[in-house]
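Note sheet for the following structure.
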(Lines of atoms letter the chains of each structure in order from A; the text may use other names.)
(Lines give C-alpha, C1' and ligand atoms only; values in the text may rest on other atoms or scores of the structure.)
Protein backbone atom coordinates (compact mmCIF):
# COMPACT_ATOMS: atom_id res chain seq x y z
CA UNK A 1 0.00 0.00 0.00
CA UNK A 2 1.42 3.33 -1.03
CA UNK A 3 1.50 6.42 1.12
CA UNK A 4 -1.04 8.29 -1.03
CA UNK A 5 -3.55 5.43 -0.74
CA UNK A 6 -3.12 5.35 3.02
CA UNK A 7 -3.74 9.11 3.26
CA UNK A 8 -6.86 8.81 1.09
CA UNK A 9 -8.30 5.98 3.20
CA UNK A 10 -7.55 7.74 6.47
CA UNK A 11 -9.23 10.94 5.25
CA UNK A 12 -12.28 8.93 4.22
CA UNK A 13 -12.48 7.33 7.67
CA UNK A 14 -12.18 10.74 9.34
CA UNK A 15 -14.99 12.16 7.18
CA UNK A 16 -17.24 9.21 8.03
CA UNK A 17 -16.57 9.68 11.76
CA UNK A 18 -17.32 13.41 11.50
CA UNK A 19 -20.59 12.67 9.69
CA UNK A 20 -21.62 10.16 12.37
CA UNK A 21 -20.85 12.70 15.10
CA UNK A 22 -22.85 15.37 13.30
CA UNK A 23 -25.87 13.09 12.95
CA UNK A 24 -25.70 12.11 16.64
CA UNK A 25 -25.48 15.79 17.63
CA UNK A 26 -28.54 16.65 15.54
CA UNK A 27 -30.59 13.83 17.04
CA UNK A 28 -29.54 14.77 20.56
CA UNK A 29 -30.66 18.36 20.06
CA UNK A 30 -27.27 19.83 20.95
CA UNK A 31 -27.82 22.92 18.84
CA UNK A 32 -30.03 24.61 21.46
CA UNK A 33 -28.29 27.42 23.35
CA UNK A 34 -28.01 27.04 27.10
CA UNK A 35 -29.61 29.52 29.48
CA UNK A 36 -27.13 31.87 31.10
CA UNK A 37 -27.73 32.94 34.66
CA UNK A 38 -27.10 36.63 35.23
CA UNK A 39 -27.70 38.61 38.38
CA UNK A 40 -27.06 42.20 39.35
CA UNK A 41 -25.60 43.56 42.55
CA UNK A 42 -28.29 45.36 44.59
CA UNK A 43 -25.82 48.10 45.61
CA UNK A 44 -23.99 49.02 42.41
CA UNK A 45 -25.96 47.16 39.69
CA UNK A 46 -22.82 45.37 38.52
CA UNK A 47 -23.67 42.39 36.30
CA UNK A 48 -22.68 39.07 37.94
CA UNK A 49 -22.50 36.30 35.32
CA UNK A 50 -22.06 33.34 37.69
CA UNK A 51 -24.74 31.81 39.92
CA UNK A 52 -22.24 30.54 42.53
CA UNK A 53 -20.81 33.95 43.48
CA UNK A 54 -21.69 35.30 46.92
CA UNK A 55 -19.91 38.68 46.73
CA UNK A 56 -19.87 41.46 44.14
CA UNK A 57 -16.51 41.76 42.36
CA UNK A 58 -16.86 45.54 42.01
CA UNK A 59 -18.00 46.74 45.43
CA UNK A 60 -17.64 43.64 47.64
CA UNK A 61 -21.28 43.63 48.74
CA UNK A 62 -22.67 40.33 50.01
CA UNK A 63 -25.06 39.08 47.30
CA UNK A 64 -26.50 36.03 49.04
CA UNK A 65 -25.55 33.33 51.46
CA UNK A 66 -24.83 29.81 50.33
CA UNK A 67 -27.92 27.96 49.18
CA UNK A 68 -29.38 25.60 51.75
CA UNK A 69 -27.50 26.89 54.81
CA UNK A 70 -29.62 28.42 57.54
CA UNK A 71 -28.08 31.41 59.27
CA UNK A 72 -30.33 30.99 62.33
CA UNK A 73 -29.60 28.66 65.25
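Residue numbers (my numbering): 1 to 73. From the three backbone atoms N, C-alpha and C, an ideal C-beta is built for every residue, glycine too. Computed from a predicted structure; not experimentally measured.
For residue 20, the uninterrupted alpha helix (DSSP H) segment begins and ends at 3-28. Checking the DSSP bridge columns, you'll see residue 48 partnered with 39. In this structure the stretch 39-46 lies against the stretch 54-61, because at least three pairs of beta carbons, one per stretch, are closer than 8 Å.
A distance of 8 Å or more separates the beta carbons of residue 23 and residue 39. Here the alpha carbons of residue 26 and residue 8 stand approximately 27 Å from one another.
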